[in-house]
Each structure stands twice: as structure tokens, then as C-alpha cells.
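Numbering (this note's numbering), first residue to last: 5 to 115.
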């Protein structure tokens, strides 16, 4: 990942996509604090902003941060019509609230 970060640091479009992938990778690994460390800055103005915001929200929720509600609210404003981002955001909301039916609904949106 370091190589990808170095290549993308000057270009917002590439940087946002690389960081989003890094967040998702750390979430997949179960390294929630590492995912949060990549998601410290809200990024705007990229085609990746919607999914970045939703992955960031999920990282904040899974890490148990007090700022999780704010991250979810920030993501809600940016999700747009991206179905993957919407499913990720729904999963973050379900995890935050402990709502099992909502979690199952989010899972069905990935299928």
C-alpha cells in the first residue's frame, strides 16, 4: 500500500480511491483502529467521495469512536446513487444501532 500512497499523493482522485481501498482492506482484516487512522480526513470532490465517506463511517463505528454518528451523517450527505456505498452505509448504521434486521438488509444489498 505504501507504493500506492506515494504514487497517488498529488492527485485527489487517485488518493481518495487508494485511501478508500486501504480503509476497506483494514476493515476486512479486522484492524479497525488502522482503518480509522487512514480515514482521519474527510475527502471531498472525488468520484470516490461517496464510498470513501461510507467506509470511513463504518471504520468509526467498528472502532467504537464517539464521532461515529457524525461520520455517518457526513456520509449520508455524500452517498448519492452509489449502491455499494449505500449498502456500506446501511451496514454501518446497523452495526452502530445493533439492528439485526437492518444488518440483514444491508447484506442483501451486496448480493
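Where is the CB? At the ideal position from N, CA and C, for every residue including glycine.
What whole-angstrom Cβ distance do residue i and residue j have, given they're in contact under 8 Å?
| i | j | result |
| --- | --- | --- |
| residue 39 | residue 61 | The pair is not a contact, with the Cβ atoms about 11 Å apart (cut-off 8 Å). |
| residue 96 | residue 106 | 10 Å between Cβ atoms; not a contact. |
| residue 37 | residue 67 | 6 Å |
Excluding the 5 residues preceding and the 5 following residue i in the sequence, name in chain order all residues of the same chain whose CB lies nearer than 8 Å to its CB.
| i | result |
| --- | --- |
| residue 71 | 64 |
| residue 104 | 98 |
For a test of the three-state rule: what should DSSP assign to residue i, helix, strand or coil?
| i | result |
| --- | --- |
| residue 86 | coil |
| residue 52 | coil |
| residue 44 | coil |
| residue 98 | helix |
Looking only at its chain, what residues have a beta carbon closer than 7 Å to the beta carbon of residue i, apart from the 5 residues adjacent to it on each side?
| i | result |
| --- | --- |
| residue 86 | 54, 55 |
| residue 88 | 55 |
Is it buried or exposed, residue i, if we count other Cβ atoms within 10 angstroms and call 16 or more buried?
| i | result |
| --- | --- |
| residue 92 | buried |
| residue 102 | exposed |
| residue 28 | buried |
Excluding the 5 residues preceding and the 5 following residue i in the sequence, name in chain order all residues of the same chain whose CB lies nearer than 6 Å to its CB.
| i | result |
| --- | --- |
| residue 82 | 53, 54, 57 |
| residue 79 | 57, 58, 61, 93 |
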